[in-house]
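Going by this note's numbering, the sequence shown opens with residue 78, and the numbers climb by one from there.
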Amino acid sequence: MTSRSPQQPPPAYIAPPSSTVHASSPVYRKVAASAAEESARRLENRFTIAPCSGQAWVVRAGQVCRISTPEGPQVGDLNIWNAHNPREPGGQLDTVLDTQGNIIQGKGFGTTQWGGRVHDLLGTRCDPYVNLLMGGETFDFHCHSNLTRAVVPFGLTELDVHDVLNVFQVTGLDEQGKYFMEASPARPEEYFEFFAEIDVLCALSACPGGDLSQWGWEGKEGGDMAATCRPLGVEVYSLADSEILKDWKQPESPNYTGMHGLKMPTRDDRRKGHVGV
Numbered sequence: 078m079t080s081r082s083p084q085q086p087p088p089a090y091i092a093p094p095s096s097t098v099h100a101s102s103p104v105y106r107k108v109a110a111s112a113a114e115e116s117a118r119r120l121e122n123r124f125t126i127a128p129c130s131g132q133a134w135v136v137r138a139g140q141v142c143r144i145s146t147p148e149g150p151q152v153g154d155l156n157i158w159n160a161h162n163p164r165e166p167g168g169q170l171d172t173v174l175d176t177q178g179n180i181i182q183g184k185g186f187g188t189t190q191w192g193g194r195v196h197d198l199l200g201t202r203c204d205p206y207v208n209l210l211m212g213g214e215t216f217d218f219h220c221h222s223n224l225t226r227a228v229v230p231f232g233l234t235e236l237d238v239h240d241v242l243n244v245f246q247v248t249g250l251d252e253q254g255k256y257f258m259e260a261s262p263a264r265p266e267e268y269f270e271f272f273a274e275i276d277v278l279c280a281l282s283a284c285p286g287g288d289l290s291q292w293g294w295e296g297k298e299g300g301d302m303a304a305t306c307r308p309l310g311v312e313v314y315s316l317a318d319s320e321i322l323k324d325w326k327q328p329e330s331p332n333y334t335g336m337h338g339l340k341m342p343t344r345d346d347r348r349k350g351h352v353g354v
């Protein structure tokens, strides 16, 4: 098919310099730099997510969350919601953009020879439905199921689990536009961090695909996918120095008050003699 665009089209979503989605302002640089000073942060929560399992937790506005690979490469599926309104419209992009959080710290990876990049938003989570359809087996510990179990104590259900940020996962699209995954390049104790702009509920699954070096519907000859599964680490910090956030302002959700073009029918109760609520 011949393109109708005379020039290469620009990226569709480019935020203006003043947008809160940028993590390069002086405030975020100070937050990121605080990782190097032990006295600049207070550890509020720390736990390990076992292989093939999931866990949910809350990060308060102004806190920093670190996700790490304590024992080596392992991919994870991350969901983030507004802690006070988990059904706030969104999905995949709400995990890392909008007003929920800014990724402030992480080792640069670049692009592989196949065009793959780390921490992907291209794909969705693995789930038991696709597994049964394509692999013919029932399995209860895919990322979708792990996330579902993790959020139940917070009053959420399977219907609240949405598209994910695949952390430490290298993915891309091939020349035919097909989604591919590469082995995770993460090493022991590598991490990335995000700064919570609002109170958020997070859930993370340690993917049963492990580091994806042995992933496949049929399995690789001589391979053992279970042997590539490792834990993920989570730490939540508060900033001890209040001066770091003196120029930071907590954002507000977009105050959309429309009704998506729908109109409520008018009532004529007096004329019809109707009395009631």
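Every residue gets a Cβ at the ideal spot worked out from N, C-alpha and C, and that includes glycine.
All values derive from a computational prediction rather than experimental measurement.
Pick helix, strand or coil for residue 231, following the three-state DSSP scheme. In the structure shown, residue 231 falls within a helical segment according to DSSP collapsed to helix, strand and coil.
Selection from 269, 338, 281 that minimises the alpha carbon distance to residue 109: Ranking 269, 338, 281 by CA distance to the CA of residue 109 puts 269 first.
Is the segment 250-269 touching the segment 212-219, taking contact as three or more C-beta pairs under 8 Å? Counting Cβ pairs under 8 Å, fewer than three are found: no touch.
Alpha carbon to alpha carbon, what distance is there between residue 258 and residue 291? Each residue's Cα considered, the two are about 11 Å apart.
How many whole angstroms separate the CB atoms of residue 134 and residue 244, which I take to be in contact at a CB cut-off of 8 Å? About 15 Å; that fails the 8 Å criterion.
Any idea if residue 91 is buried or exposed, counting beta-carbon neighbours within 10 angstroms, 16 or more meaning buried? Residue burial is scored here from C-beta neighbours: residue 91 has fewer than 16 other C-beta atoms within 10 angstroms and is therefore classed as exposed.
Local conformation of residue 243 per DSSP, three classes: Three-state DSSP puts residue 243 in a strand.
So residue 118 is in the beta strand (DSSP E); what residue range does that whole segment cover? Residue 118: member of the beta strand (DSSP E) spanning 118-126, first to last residue.
Can you give me the C-alpha to C-alpha distance between residue 189 and residue 310, rounded to a whole angstrom? Taking the straight line from one Cα to the other gives about 25 Å.
Spell out the partners DSSP gives residue 282 in its beta bridges. 131, 154.
Pick helix, strand or coil for residue 419, following the three-state DSSP scheme. The structure shown does not extend to residue 419, since the chain is modelled only from 78 through 354, so no value can be given for it.
Compute the Euclidean distance between the alpha carbons of residue 227 and residue 219, then round it to the nearest angstrom. Rounded to the nearest angstrom, the two C-alpha atoms are 12 Å apart.
Could you name the residues of the same chain whose beta carbon sits closer than 6 Å to that of residue 305, not counting the 5 residues immediately before and after it, in chain order? Beyond the five residues adjoining it in sequence on each side, residue 305 comes within less than 6 Å, by CB distance, of 287, 288, 290, 291 in the same chain, given in chain order.
Determine the closest residue to residue 197 out of 205, 125, 187, with distance taken between C-alpha atoms. In terms of CA proximity to residue 197, 187 leads the group 205, 125, 187.
With DSSP as the reference, identify every bridge partner of residue 143, one or two as the case may be. The bridge partners DSSP lists for residue 143 are 270, 312.
Cutting at 6 Å between CB atoms, please list the residues of its own chain near residue 124, excluding the five before and the five after it. The beta carbon of residue 124 is closer than 6 Å to those of 311 in its chain, skipping five residues each way along the sequence.
Residue 316 versus residue 324: straight-line alpha-carbon distance, rounded: Their backbone Cα atoms lie some 14 Å apart in a straight line.
In three-state terms, what does DSSP make of residue 194? In the three-state scheme derived from DSSP, where H, G and I count as helix and E and B as strand, residue 194 is classed as strand.
Where residue 322 sits in the DSSP three-state scheme: Helix, per DSSP.
Is the segment 103-117 in contact with the segment 236-243, if contact means three or more CB pairs nearer than 8 Å? Not touching, per the Cβ criterion.
Since residue 200 contacts residue 249 with CB under 8 Å, what's their CB separation in whole angstroms? Contact annotation, residue 200 with residue 249: C-beta distance approximately 10 Å; criterion of less than 8 Å not satisfied.
Is residue 30 buried or exposed, if buried means 16 or more other CB atoms sit within 10 Å of its CB? Nothing about residue 30 can be read from this structure; the chain reaches only from 78 to 354.
So what's residue 249 in DSSP terms, helix, strand or just coil? Residue 249: strand per DSSP, three-state reduction.
By a C-beta neighbour count over all protein chains shown, 10 Å radius and 16 as the cutoff for buried, is residue 208 buried or exposed? The residue is buried, with at least 16 neighbouring Cβ atoms inside 10 Å.
Counting C-beta neighbours from all protein chains within 10 Å, is the total for residue 282 16 or more, i.e. buried, or is it exposed? Residue 282 counts as buried, since no fewer than 16 other beta carbons sit within 10 angstroms of its beta carbon.
Buried or exposed for residue 145, going by 16 or more other Cβ atoms inside 10 Å? The residue is buried, with at least 16 neighbouring Cβ atoms inside 10 Å.
Excluding five sequence neighbours on each side, which residues of the same chain lie with their C-beta closer than 7 Å to the C-beta of residue 111? Cβ neighbours of residue 111 beyond the five flanking positions: 117, 118, 316, 321.
For the alpha helix (DSSP H) containing residue 206, list its first residue and its last residue. That run of the alpha helix (DSSP H) goes 205-212.
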